[in-house]
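*Asks:*
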Amino acid sequence: MSTRNLSILRAARVMSMVPGQEPIRDAAIVHDGRFIVQIGPWTELRARFRGPVEDLGGATLCPGVFNSHTHLEMCHLLGKTVRGQGFTSWIKSLVANPMYDMDDAEVAAQCRRIRRLGTAHVADISTKQAPRIAGVLDESGLFFVAFREMIFFSPPPDEQDFVPDGEFANGVLSCAGHAPYSTHPETLRRAKRACAARGLPHSIHLAENEEESRILMGERIEFVEVLERANIPMTGFRPPRVSPVAYALDLGLLDPDTLAVHCVTVSDEDIDILRRTGTNVCLCPRSNDYIGEGRAPWEKLRAAGVNLCLGTDGLASNHDLDVWNELAFLKERFVDELSLEDGLALLTRNPARAFRAENRLGTLEPGKAARWSVVPENVLALFEA
Ligand SMILES: [Zn+2]
Numbered sequence: 006m007s008t009r010n011l012s013i014l015r016a017a018r019v020m021s022m023v024p025g026q027e028p029i030r031d032a033a034i035v036h037d038g039r040f041i042v043q044i045g046p047w048t049e050l051r052a053r054f055r056g057p058v059e060d061l062g063g064a065t066l067c068p069g070v071f072n073s074h075t076h077l078e079m080c081h082l083l084g085k086t087v088r089g090q091g092f093t094s095w096i097k098s099l100v101a102n103p104m105y106d107m108d109d110a111e112v113a114a115q116c117r118r119i120r121r122l123g124t125a126h127v128a129d130i131s132t133k134q135a136p137r138i139a140g141v142l143d144e145s146g147l148f149f150v151a152f153r154e155m156i157f158f159s160p161p162p163d164e165q166d167f168v169p170d171g172e173f174a175n176g177v178l179s180c181a182g183h184a185p186y187s188t189h190p191e192t193l194r195r196a197k198r199a200c201a202a203r204g205l206p207h208s209i210h211l212a213e214n215e216e217e218s219r220i221l222m223g224e225r226i227e228f229v230e231v232l233e234r235a236n237i238p239m240t241g242f243r244p245p246r247v248s249p250v251a252y253a254l255d256l257g258l259l260d261p262d263t264l265a266v267h268c269v270t271v272s273d274e275d276i277d278i279l280r281r282t283g284t285n286v287c288l289c290p291r292s293n294d295y296i297g298e299g300r301a302p303w304e305k306l307r308a309a310g311v312n313l314c315l316g317t318d319g320l321a322s323n324h325d326l327d328v329w330n331e332l333a334f335l336k337e338r339f340v341d342e343l344s345l346e347d348g349l350a351l352l353t354r355n356p357a358r359a360f361r362a363e364n365r366l367g368t369l370e371p372g373k374a375a376r377w378s379v380v381p382e383n384v385l386a387l388f389e390a
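All letters in the sequence shown, in the order written, are residues 6 to 390 by this note's numbering.
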């Protein structure tokens, strides 16, 4: 037997999220602080392993959860934007703030808070300070992908300049495109190619709202004037006159290493493109609601077999960074059947697949990282009412 210092965690129920594996009742997880050594029934593991016991009583445990989309750079904007008035009003109120005055102490406090809530992995998007965010995330002990976001219509940089340099213990730097309506098509293409060349995940906001679809169809709506007033002329943009998803497909952005965020205004054809290309989709239900954009066709996306994840988006369009609140919001409004296992998949094994983090996260199994979450009582109550 190992001579490592082992500890034993006991809980009423453990959902390993290994496909096909039933929840373990009166369960134990044996770990060495970094890795899971064994998982199984309490009586069996108590007889086989020695070590201090932490008893979580009636708790239900699942793998450490993912927040698949946020903007930590904007933590200082909590409560500073308008709610429920649509995207154009929201953007106006956003750009009226000092958007990039990142508050490192607040970002670190938010990271500590979500780690206490069982978050194990964060996918963060930042425009100006991805290496700085990566440093804070690394310090907090969260696993992460810190995306540097490419935005605007300025001439596209060379491909080698997209992903910033930096070595971190718990995560990687990568690169994201902002959105089809805000970013030069060649920049979007090169950003994806830079990620692909390095085997990195890629991300883009896609099909978030009606405004985006209308701009792509060539309409000159108020939103375009807002962009111009914010000094974002759309140089180099020729309206493709197709949907955002079809445009992203044409640009070569969609594959199993891309996370398309929002996908609110997707048609059945768009959903089929996402399915065929194996593109991962991150739903941000409370952010869409906060801004007043409606909601994605969650049920259709799931029925099509798209790999779905959940993210809070940033504090400029949400109340907190707690993905448990995101899942509760979704469950309360989900029209089709959604089991607890289905719901937890959005926070565990689905994003682990999307971010290629399955070697250490996504399920509770020997050899994976010693990260788990207690499923909150209010979430259990919604699923098991
Ligand atoms: Zn976002």
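Every residue gets a Cβ at the ideal spot worked out from N, C-alpha and C, and that includes glycine.
Can you tell me which of Thr192, Arg300, Val141 and Arg376 puts its alpha carbon nearest to the alpha carbon of Val340?
*Replies:* If you number the sequence shown from 1, residue 340 lands on position 335. Looking at the Cα atoms, Arg300 is the closest of the given residues.
*Asks:* For Leu385, which residues in the same chain have their Cβ closer than 8 Å to its Cβ, ignoring the five residues on either side in sequence?
*Replies:* Numbered from 1 along the sequence shown, position 380 holds the residue referred to as residue 385. Thr65 and Leu345.
*Asks:* Can the beta-carbon of Ala135 be found closer than 7 Å to that of Val150?
*Replies:* Counting from one through the sequence shown, the residue named residue 135 turns up at place 130. Counting from one through the sequence shown, the residue named residue 150 turns up at place 145. No, these two residues do not count as a Cβ contact at 7 Å.
*Asks:* Using 6 Å as the cut-off, classify the Cβ of Asp318 as near or not near the heavy atoms of ligand 1, replying yes or no.
*Replies:* As a first step, residue 318 is located in the sequence shown; it is residue number 313 there, counting from the start. Checking the Cβ of Asp318 against ligand 1 gives yes.
*Asks:* Pull up the CB-CB distance for Ile44 and Glu370, whole angstroms please, since I reckon it's below 8 Å.
*Replies:* Here residue 44 is taken as the residue at index 39 of the sequence shown, counted from 1. Here residue 370 is taken as the residue at index 365 of the sequence shown, counted from 1. The Cβ separation is near 7 Å, so the contact holds.
*Asks:* Excluding the 5 residues preceding and the 5 following Thr263 in the sequence, name in chain order all residues of the same chain whose CB lies nearer than 6 Å to its CB.
*Replies:* On the sequence shown, residue 263 is found 258 positions in, with the first residue counted as 1. The answer, listed in chain order, is His207 and Thr284.
*Asks:* State the CB to CB distance for the pair Val70 and Gly123, rounded to an integer number of angstroms; the pair is presumed to be in contact (CB under 8 Å).
*Replies:* Within the sequence shown, numbered from 1, the residue matching residue 70 stands at position 65. Within the sequence shown, numbered from 1, the residue matching residue 123 stands at position 118. About 5 Å separates the two Cβ atoms, so the contact holds.
*Asks:* Could you give the first and the last residue of the continuous beta strand (DSSP E) run that contains Ile41?
*Replies:* Counting from 1 along the sequence shown, the entry for residue 41 is found at position 36. Ile41 to Pro46 is the span of the beta strand (DSSP E), which, as asked, contains Ile41.
*Asks:* Roughly how many angstroms separate the alpha carbons of Val58 and Arg15, rounded to a whole number?
*Replies:* Counting from one through the sequence shown, the residue named residue 58 turns up at place 53. Counting from one through the sequence shown, the residue named residue 15 turns up at place 10. Each residue's Cα considered, the two are about 7 Å apart.
*Asks:* How long is the line joining the alpha carbons of Gly62 and Phe388, rounded to whole angstroms?
*Replies:* Position 57 of the sequence shown holds residue 62. Position 383 of the sequence shown holds residue 388. If I take the Cα positions, the gap works out to 20 Å.
*Asks:* Across the region 288-298 and the region 316-326, are there enough close Cβ pairs to call them in contact, namely three or more that are closer than 8 Å?
*Replies:* These segments touch.
*Asks:* So if DSSP puts Asp129 in a beta bridge, which residue, or which two residues, is it bridged to?
*Replies:* What you label residue 129 is simply residue 124 of the sequence shown in a count that begins at 1. Partner(s): Thr75 and Ala151.
*Asks:* Taking 8 Å as the cut-off, does the region 210-220 touch the region 260-277 (at least 3 CB pairs, one atom from each stretch)?
*Replies:* The region 260-277, when compared against the region 210-220, does touch it at the 8 Å Cβ threshold.
*Asks:* Using DSSP bridges, identify the partner residues of Gly182.
*Replies:* On the sequence shown, position 177 is the one that residue 182 refers to. BP columns for Gly182 point to Met155 and Ile209.
*Asks:* To which residues of the same chain is Phe157 closer than 6 Å at the C-beta, ignoring the five residues directly before and after it?
*Replies:* Start at 1 with the first residue of the sequence shown, and residue 157 comes out as number 152. Same-chain partners within the cutoff: Ile237.
*Asks:* For Pro68, name the three-state secondary structure that DSSP assigns.
*Replies:* Looking up residue 68 in the sequence shown gives position 63. Strand, per DSSP.
*Asks:* Just grab the DSSP bridge partners of Asn285 for me.
*Replies:* Here residue 285 is taken as the residue at index 280 of the sequence shown, counted from 1. Partner(s): Leu264.
*Asks:* According to DSSP, is Thr192 part of a helix, a strand, or is it coil?
*Replies:* Counting from one through the sequence shown, the residue named residue 192 turns up at place 187. In the structure shown, Thr192 sits in a helix (DSSP, three-state: H, G or I).
*Asks:* Report yes if the CB atom of Arg354 is closer than 7 Å to the CB atom of Gly367, and no otherwise.
*Replies:* Residue mapping note: residue 354 aligns to position 349 of the sequence shown, counting from 1. Residue mapping note: residue 367 aligns to position 362 of the sequence shown, counting from 1. Yes, the pair counts as a contact, with Cβ atoms nearer than the cut-off.
*Asks:* Give a yes or no on contact between the region 217-228 and the region 174-188, applying the rule of three or more CB pairs nearer than 8 Å.
*Replies:* Touching, yes, given that three or more Cβ pairs across the two stretches are closer than 8 Å.
*Asks:* Does the region 99-112 come close enough to the region 72-83 that 3 or more CB-CB pairs lie under 8 Å?
*Replies:* Yes, the region 72-83 touches the region 99-112.
*Asks:* Can you tell me whether Arg365 is buried or exposed, with buried defined as 16 or more other CB within 10 angstroms of its CB?
*Replies:* As a position in the sequence shown, residue 365 is number 360, starting the count at 1. Classification of Arg365: buried, given that the 10 Å Cβ count is 16 or more.
*Asks:* What does a CB cutoff of less than 6 Å around Pro161 pick up in its chain, not counting 5 residues either side in sequence?
*Replies:* As a working mapping, residue 161 is identified with position 156 in the sequence shown. If we look at Pro161 and ignore the five residues flanking it on each side, its Cβ neighbours are His189, Glu191, Thr192 and Arg195.
*Asks:* Apart from the five residues just before and just after Ile41, which ones in its own chain have a Cβ nearer than 8 Å to its Cβ?
*Replies:* If you number the sequence shown from 1, residue 41 lands on position 36. Closer than 8 Å at Cβ, skipping near neighbours: Ile34, Val35, Leu369, Glu370, Pro371, Gly372, Lys373, Ala374 and Ala375.
*Asks:* For Val231, which of Gly89, Lys97 and Leu351 has the nearest alpha-carbon?
*Replies:* Start at 1 with the first residue of the sequence shown, and residue 231 comes out as number 226. Of the candidates Gly89, Lys97 and Leu351, the one whose C-alpha sits nearest the C-alpha of Val231 is Lys97.
*Asks:* Could you check what DSSP says for Ser272 in three-state terms: helix, strand or coil?
*Replies:* As a first step, residue 272 is located in the sequence shown; it is residue number 267 there, counting from the start. Note: Ser272 maps to coil in three-state DSSP.
*Asks:* My guess is that Val266 and Leu205 are in contact by the Cβ rule of under 8 Å, so how many angstroms apart are they, rounded?
*Replies:* Looking up residue 266 in the sequence shown gives position 261. Looking up residue 205 in the sequence shown gives position 200. About 16 Å; that fails the 8 Å criterion.
*Asks:* Should Phe228 and Thr93 be called a contact, given that it needs their Cβ atoms to be closer than 7 Å?
*Replies:* Walking along the sequence shown from the start, residue 228 turns up at place 223. Walking along the sequence shown from the start, residue 93 turns up at place 88. Yes.
*Asks:* On the DSSP bridge assignment, give the partners of Thr124 in chain order.
*Replies:* As a working note, residue 124 is residue 119 in the sequence shown. Thr124 is bridged to Val70.
*Asks:* When you compare each of Pro68, Phe54 and Val112 to Ala362 by their alpha carbons, which one comes out closest?
*Replies:* Residue 362 sits at position 357 when you count from the first residue of the sequence shown. Considering only alpha carbons, the answer is Pro68.
*Asks:* By Cβ distance below 6 Å, which residues in the same chain neighbour Thr282 in space, the five residues on each side in sequence not counted?
*Replies:* For the purposes of this step, residue 282 is taken as the residue at position 277 of the sequence shown. For Thr282, where only same-chain residues beyond five positions count, the Cβ hits under 6 Å are Leu259 and Asp260.
*Asks:* Secondary structure at Arg118, three-state DSSP: helix, strand or coil?
*Replies:* Translated into the one-based positions of the sequence shown, residue 118 becomes position 113. The answer is helix: DSSP assigns Arg118 an H, G or I state.
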